[in-house]
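In the numbering used here, the protein residues as written are 10 to 173.
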């Protein structure tokens, strides 16, 4: 069994244990200490979607505008959407969000649109979209819709990660 210990500035030897961890200080190139923030993330959804010309279809295939793609996301400051597209067909997307009350019901019908645009990338390419892009999220529910505006139907493989 190996014992790890270190000397404090006063010359005292400390054994590394769960209650006395090894002190770590992160420095930049100039030797200035950097603050570190622990970030945890969790996989929320992995799904394969057939992208068609049907608008209002979310990543799970639902065309019911009130159906959420993700729920229980209020603890995350942002989501990261990784995707792999098999074709280069022009594809539009939009990300909608809302909050719920203490009974799990949306505060009102409808959604707040966070972002919309054309899905970047061509055939057989990876992509990443941060949601929301310029603010912190903490929304309870999200709806992510994709539809092609030209070309043929294709397969879109997605993974959504929640970041605290």
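Ideal Cβ placement from N, Cα and C applies to all residues, glycine included.
Beta-carbon proximity check, residue i vs residue j, cutoff 7 Å
i           : j           : result
residue 79  : residue 53  : yes
residue 128 : residue 104 : no
residue 165 : residue 58  : yes
residue 102 : residue 173 : no
residue 98  : residue 163 : yes
residue 56  : residue 68  : yes
residue 87  : residue 136 : no
residue 92  : residue 159 : no
residue 138 : residue 90  : yes
residue 132 : residue 96  : yes
residue 51  : residue 130 : no
Short CB-CB distance (under 7 Å) between residue i and chain C
i           : result
residue 113 : No chain C appears in the structure shown, which is made up of a single protein chain.
Same chain only: Cβ atoms within 6 Å of residue i, ignoring 5 sequence neighbours per side
i           : result
residue 106 : 121, 123, 148 and 151
residue 49  : 173
residue 83  : 147 and 149
Own chain residues within Cβ distance below 8 Å of residue i, not counting five before or after
i          : result
residue 42 : 34, 35 and 36
residue 15 : 22, 23, 25, 31 and 32
residue 27 : none
Enclosing beta strand (DSSP E) for residue i [first to last residue]
i           : result
residue 157 : 150-157
residue 166 : 163-172
residue 147 : Note, residue 147: premise wrong, no beta strand (DSSP E); not H, not E.
residue 50  : 50-60
residue 16  : 14-16
residue 85  : No beta strand (DSSP E) contains residue 85, which DSSP labels as neither H nor E.
residue 41  : Premise fails: residue 41 is in no beta strand (DSSP E) and is neither H nor E.
residue 96  : Looking at the DSSP string, residue 96 is not in any beta strand (DSSP E), and its letter there is neither H nor E.
residue 75  : Looking at the DSSP string, residue 75 is not in any beta strand (DSSP E), and its letter there is neither H nor E.
7 Å Cβ shell around residue i - same chain, five flanking residues per side excluded
i           : result
residue 134 : 94
residue 62  : 156 and 157
residue 72  : 63, 65 and 66
contact_flag[the region 75-89, the region 145-157] where n(CB pairs < 8 Å) is 3 or more = yes
Write down every uninterrupted run of the alpha helix (DSSP H) in the region 98-135 whose length is 4 residues or greater and which is fully enclosed by it, in chain order.
-> If only uninterrupted alpha helix (DSSP H) runs of at least 4 residues are considered, none is enclosed by the region 98-135.
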